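Q: Residue numbers for the sequence shown follow the UniProt record's numbering, beginning at 1 and rising by one. Following this message is one structure expressed as structure tokens.
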Amino acid sequence: MSQVSYAAWMRHQLLGWSNGYYRHYAKIGGVAADFFTASHSVLFAEVIFRFCEQWVTEEKLKDFQIVEFGPGEGYLAYYLISNWAERLQHIPLYYQCVEPSPRLRQHQEERLRPLQGRGNVYISFSTPFEVLKNRSTLVLANEVLDALPVERVKKSSDGWYRAYVNLSNEQPAVDIDWRKAPGWLAILCERWLPIPVGAYGEFCPELCTLLAQMCHLAHQGRCLLFDYGITSRDWASGAYPEGTLRGYRQHQLVDISKDSSFQGDWTADVHWDYVNHLVRRLGFASRMQTQAEFLLEGGLLEIIEMQQKNLSEFSAYQMRNEAKRLLWPGDMGERFSVMTIEPIKKYT
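So this is what it looks like as structure tokens:
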């Protein structure tokens, strides 16, 4: 019997060639899907388009680039590109989709292919370092960080322990073994996971690499990160004794802390304090808002007022319900945060 770290197994479950969730099974958005996401919302896309439009106008840009990490089914890209082709067609837009899942990339290509070349828009599907870097760039990532593989750890009186998954040819991998965490992981957990003795938590080693890629692309622009997460204070409160790792299948919450064979959406809350630390080490500054604050600041209520004038009563009702889901504290409004990242030189 062999063992792999929890993060390695989680990556296999999500992106593995033979049975990875995002490669073969992911259902994103809608009633029949595993989870809802704001990127399927026309209102959400309209606010981001206005964000870009104001930026292009104020800085008198001659062209623009959007790099979207994890575009999912491609709805946000479709809405943004459609708006651009209609309302900013005099400005060339280079839209880059960065997607690790071949299945989802195919869905994106099918959805976006009819928009290729329309209204001065150019679409490509690339890895982060194939995109054009020397132009003003918006990096978008909606619910990407929470899907990164994490190390599952627990704090004991004699130090930190790391979860390993036992692999067997005879049965699915369901057994977890706990061993002393290696020095690098123990040091990072001691710094960033102020949890009580006996509690469990998660740490994401891949955050550093991904944020470095994003900031590298945004050296002449900004990043917008949309996700749910917690802070060091939240960890220290003891409110998450089992950690935040969980699964979703058809909108139902699944406890996967003891079942490593789960097939579905794996997710863990983003550690915003750690993200902010990495961003600053990379020479960037960040601003945190709730999703509701970001959308209201971006003119969501004005958008609703303007658009519902031309809608039927039922369509206007649907739009208001969509807005409630995006804004309400009990839904996505406060549960989700938005981190805006810019080079520090913009602030000096």
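We put the beta carbon where it would ideally sit given N, CA and C, even for glycine. Since the model is a prediction, treat every value here as computed from it, not as a measurement.
Measure the CB-CB distance between S5 and R162 and report whether it falls below 8 Å.
A: Contact flag set, yes.
Q: Tell me which same chain residues have a C-beta within less than 7 Å of the C-beta of V121, skipping the five on either side of it?
A: Cβ within range, chain order: I81, W84, A85, L93, Y95, L115.
Q: State yes or no: is the C-beta of V139 within less than 8 Å of the C-beta of V56?
A: Cβ atoms of V139 and V56: not closer than 8 Å.
Q: Using only the alpha-carbon positions, how far apart do Y274 and E322 sit?
A: Their Cα atoms are separated by approximately 31 Å.
Q: Mind checking whether D227 and V270 have CB atoms under 8 Å apart?
A: It is a contact, given that the beta carbons lie within the stated cut-off.
Q: Got a sec, what are the start and stop residues for the alpha helix (DSSP H) I304 sits in?
A: Element bounds for I304: 300–307.
Q: Spell out the partners DSSP gives K155 in its beta bridges.
A: Partner(s): W160.
Q: Closest to P102 by C-alpha separation, out of G16, E297, A218, H277, would be which residue?
A: Nearest C-alpha to P102: G16.
Q: Determine the closest residue to E242 out of T137, I256, E53, with distance taken between C-alpha atoms.
A: Of T137, I256, E53, the residue nearest in Cα terms is I256.
Q: Are the beta-carbon atoms of Q3 and N166 separated by less than 8 Å?
A: Contact flag set, yes.
Q: Relative to the C-alpha of H107, which residue among R249, T209, R23, L327 is closest?
A: H107 has its Cα closest to that of R23, out of R249, T209, R23, L327.
Q: Is it the case that the Cβ atoms of L225 and A147 are separated by a distance below 8 Å?
A: Contact: no.
Q: Go through its chain and collect everything with a Cβ distance to M339's Cβ below 6 Å, but skip five positions before and after it.
A: Result list for M339: L225, S286, M288, in chain order.
Q: What are the boundary residues of the alpha helix (DSSP H) that includes W328?
A: Segment: none, W328 is in no alpha helix (DSSP H) and carries neither H nor E.
Q: Going by Cα to Cα distance, which pick from V144, P194, I123 is closest to K155?
A: Nearest C-alpha to K155: P194.
Q: Please report the residue range of the beta strand (DSSP E) in which F243 lies.
A: The residue you asked about is not Phe; residue 243 is Gly in the sequence shown. Per DSSP, G243 belongs to no beta strand (DSSP E) and is neither H nor E.
Q: Where does P149 land, buried or exposed, given buried means 16+ other C-beta within 10 angstroms?
A: It counts as buried.
Q: Can you give me the start and stop residues for the beta strand (DSSP E) that Y95 sits inside?
A: Looking at the DSSP string, the run of the beta strand (DSSP E) that includes Y95 is 93–98.
Q: In whole angstroms, what is the alpha-carbon distance linking M306 and G221?
A: Whole-angstrom Cα-Cα distance: 29 Å.
Q: Can you grab the Cα-Cα spacing for the pair A38 / D158, in whole Å?
A: Their backbone Cα atoms lie some 43 Å apart in a straight line.
Q: Pick out whichever of G333, S136, R105 has its Cα sitting closest to the Cα of E53.
A: It is S136.
Q: Suppose contacts are defined by Cβ-Cβ distances below 8 Å. Is Y200 in contact with R179 by that definition?
A: Not in contact: Y200 and R179 (Cβ atoms no closer than 8 Å).
Q: Closer than 7 Å by C-beta to residue 378: which residues in its own chain qualify, once you throw out the five before and the five after it? Chain order, please.
A: A question about residue 378 goes unanswered here, because the residues of the chain that appear run from 1 up to 348.
Q: Going straight from the alpha carbon of R152 to that of Y317, what length do you get?
A: Whole-angstrom Cα-Cα distance: 43 Å.
Q: Give the straight-line distance between the Cα atoms of L300 and L43, rounded to the nearest whole angstrom.
A: Spanning the two alpha carbons is a distance of roughly 7 Å.
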